[in-house]
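Take a look at the structure below.
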Amino acid sequence: MQIPLSWLKDYIDIDLSLEELARALTNAGLEVEEITLVGLPQLGGARHELKVNGLSWEPDKIVVAQIDEVMPHPNADRLTLCRLQDGTGEYVVLTGAPNLFEYKGVGPLPKPLKVAYAKEGAKIYDGHQPGQVLTTLKRAKIRGVESFSMVCSEKELGISEEHEGIILLDDDAPTGMPLVEYMGDAVLTLSILPNMIRDASVMGVARELAAVTGKPLHKPQPVLDPNGPSIAGQVDIRITDPTLNPRFVLGLARGVEPRPSPYKVQRRLRLAGMRPINSIVDATNYVMLATGQPLHAFDYDVLVRRAGGKAPTIITRAAQPGEKLTTLDDVERTLEPYTIMVCDTAGSLSLAGVMGGQESEVTDATRNVLLEAASWNFINVRRTSTYLHLNSEAGYRFGRGVHPELAPLAEKLCLALMTEWGGGQMTRDLVDAYPQPAVDPTVELTPADTLRILGVAIPAQQIASILERLEFTCRVEGERVIATTPPHRLDIGEGVIGKADLLE
């Protein structure tokens with residue numbers, strides 16, 4: 000899993016060097032396989048055993064600039080001349096970036112475009128060569144116009160392989176600021192063990208780091224819009240088998256528009272290995288990577304049409320033998336009875352926990368979004384993914400276990416981001432079907448247990464203190480510590496097994 004350092008800092012205050020951070024995570028059971036620098040300086044000081052690559056941005060040569068006007072090139076239709084300033088002066092820069100063509104020849108821009116600007120002598124990656132070929136920016140004459148600097152694509156700065164257009168930064172980027180100060184980053188590539196799926200999210204990694212450093216975990220506290228419309232009467236949920244689908248949460252966002260997400264969001268998604276699509280899809284992927292809870296967005300108007308103009312009813316059930324569904328990857332799939340389906344009264348909609356179907360997918364015309372956050376039987380999801388040879392980020396997480404308690408938090412957070420990035424309004428409430436609430440295991444531990452297994456008798460109060468740092472709820476009764484596991488610790492069993500899990 001790839002974790003951008005900047006994203007991790009949203010959830011925990013980090014004052015460790017990259018080397019110290021990598022060792023702390025490795026000590027917590029998360030092996031850091033590689034560190035990729037995305038602008039930050041090379042690791043210095045004592046020798047280290049870490050695998051490090053990437054590109055450092057020179058603060059005096061790669062800065063935030065603003066384009067004030069895009070002018071035609073006198074001798075080339077596919078090139079433009081950008082009048083820009085970088086805080087020290089005004090320059091004319093030549094570029095062939097296609098995402099600037101719409102601004103060509105319109106005169107001074109009413110709102111400047113913020114860009115990543117590399118000056119003469121800057122070391123960047125060659126955007127026209129495969130792979131990462133380092134080059135030094137030199138003065139040259141192109142089609143009769145002298146060029147000694149450039150506005151950069153993501154490929155040239157080592158952010159991604161995207162090179163079709165230049166980076167357009169968010170409007171708050173300060174002109175003249177060294178780019179490394181504005182958005183310098185590093186990506187930690189982590190090895191996640193199968194029984195540590197709780198760490199397959201930025202918040203999960205931050206939680207482990209909080210446990211080993213003693214720093215507080217900053218959990219998101221999303222809230223619904225109290226002035227929004229109610230979801231009552233807009234949709235119903237019918238769970239046919241709670242053992243397959245313990246919880247199903249729905250919210251509704253009306254009047255949203257699929258727009259490009261803020262550049263900060265697009266950059267984080269790319270650094271984490273996902274491709275930005277639009278503000279609606281990006282919100283679901285962003286929240287999944289942040290919290291570990293996969294979500295699915297339906298076009299609500301399509302569901303209403305399928306329901307004959309009435310409020311749709313979402314049904315979860317096991318597939319019928321031989322039932323078929325065309326998934327988002329345009330493949331018609333024949334299903335087995337252990338596959339869990341999300342349906343409505345008109346038919347099937349998606350493979351629960353694995354992939355959505357084409358019938359109700361979000362498109363550029365979508366304006367009303369029904370958002371799903373659910374929990375599924377991990378064995379059924381894993382069997383479905385294996386049988387269909389269908390791997391997805393959602394299936395990876397659901398196939399190892401996602402606790403039902405995570406669904407409402409992720410639902411609220413995603414609705415908030417979706418309407419922040421794409422406009423519209425979310426409902427002030429949710430539909431939450433939770434027929435059999437989960438009961439988290441309780442485990443008893445004593446100093447005698449630690450002496451027998453670990454060889455040292457740890458006092459009861461110290462046992463409780465250690466476990467509480469890991470978010471267990473503890474009650475001390477004499478020499479007995481009664482610990483209730485937090486929702487994210489699905490790897491902790493009950494009884495003797497649970498005791499062994501805690502001591503491990």
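Position one of the sequence shown corresponds to residue 0 (numbering that gives the first Met the number 0), numbered consecutively onward. Think of the CB as a built atom: it goes at the ideal place given N, C-alpha and C, for glycine as much as any other residue.
Beta-carbon proximity list for residue i, same chain, < 6 Å, skipping 5 on both sides
i      : result
Glu493 : Pro440
Ala27  : Glu207, Val211
Met70  : Leu80
Val51  : Ile34, Leu42
Val132 : Asp125
Gly355 : His295, Leu327, Ser349
Ala405 : First, the amino acid is wrong: residue 405 is Leu here, not Ala. Excluding sequence neighbours, Leu405 sits near Gln292.
Asp316 : Here the sequence assigns Arg to residue 316, which means Asp is not the residue at that position. Answer for Arg316: Thr239, Met340, listed in chain order.
Asn194 : Asp490
Arg561 : Residue coverage of the chain in this structure runs from 0 to 503, which leaves residue 561 outside it and unanswerable.
Segment limits, alpha helix (DSSP H) that includes residue i
i      : result
Gln460 : 459 to 468
Ala21  : 17 to 26
Gly250 : Counting along the chain, Gly250 falls outside any alpha helix (DSSP H), though it belongs to the beta strand (DSSP E) covering 246 to 253.
Tyr116 : Per DSSP, Tyr116 belongs to no alpha helix (DSSP H); it is in the beta strand (DSSP E), 112 to 117.
Ala499 : 494 to 502
Val380 : 377 to 387
Glu153 : 153 to 156
Val179 : 178 to 182
Element boundaries [beta strand (DSSP E), containing residue i]
i      : result
Asn367 : 367 to 374
Asn52  : 51 to 55
Ala482 : 479 to 483
Tyr124 : 122 to 124
Leu444 : 441 to 444
Val62  : 61 to 71
Pro407 : No beta strand (DSSP E) holds Pro407; the alpha helix (DSSP H) holding it covers 406 to 421.
Val286 : Run containing Val286: none in the beta strand (DSSP E); it sits in the alpha helix (DSSP H), 278 to 290.
Glu331 : 331 to 333
Ala432 : 430 to 432
As assigned by DSSP and simplified to three states, the class of residue i
i      : result
Lys140 : strand
Glu33  : strand
Gln265 : helix
Arg206 : helix
Tyr90  : strand
Pro97  : helix
Cys342 : strand
Phe147 : coil
Asp298 : strand
Pro193 : helix
Ala317 : strand
Glu476 : strand
Ala456 : coil
Arg237 : strand
Asp9   : coil
Pro219 : coil
Met449 : Here the sequence assigns Thr to residue 449, which means Met is not the residue at that position. Thr449 falls in the helix class under three-state DSSP.
Arg427 : coil
Thr212 : helix
Val201 : helix
Arg488 : coil
Pro40  : coil
Residues of its chain near residue i, where Cβ-Cβ distance is below 8 Å and the 5 sequence neighbours each way are ignored
i      : result
Arg332 : Lys323, Leu324, Thr325, Thr326, Leu350, Leu387, Leu389
Val455 : Thr449
Ser229 : Thr426, Arg427, Asp428
Pro446 : Ala456, Ile457, Pro458, Ala459, Ile462, Glu478
Asp235 : Ala310, Pro311, Thr312, Ile313, Val430
Val303 : Lys309, Ala310, Pro311
Proximity below 8 Å, CB of residue i to CB of residue j
i      : j      : result
Tyr116 : Val150 : yes
Gly308 : Ala199 : no
Trp56  : Val179 : yes
Thr338 : Arg237 : no
Val361 : Ala393 : no
His487 : Glu371 : no
Asp67  : Pro107 : yes
Leu168 : Val63  : yes
Gly250 : Met425 : yes
Phe247 : Ala432 : yes
Leu83  : Gln65  : yes
Ile141 : Tyr262 : no
Whole-angstrom C-beta distance between residue j and residue i, which should lie under 8 Å
i      : j      : result
Leu502 : Val480 : In fact, because the Cβ distance is near 12 Å, the residues do not count as touching under 8 Å.
Ala271 : Gln1   : 5 Å
Gly423 : Gly254 : 4 Å
Distance cut-off 7 Å: residue i Cβ against heavy atoms of the ligand COA
i      : result
Val430 : Absent from the structure shown: the ligand COA. Ligands present: none.
Same chain, Cβ closer than 7 Å to residue i, five either side skipped, listed in chain order
i      : result
Arg77  : Gly95
Arg258 : Asn277, Ser278, Trp420, Gly421
Pro403 : Pro245, Arg246, Ser374, Tyr433, Ala437
Asn284 : Leu268, Met273
Trp6   : Val201, Arg267
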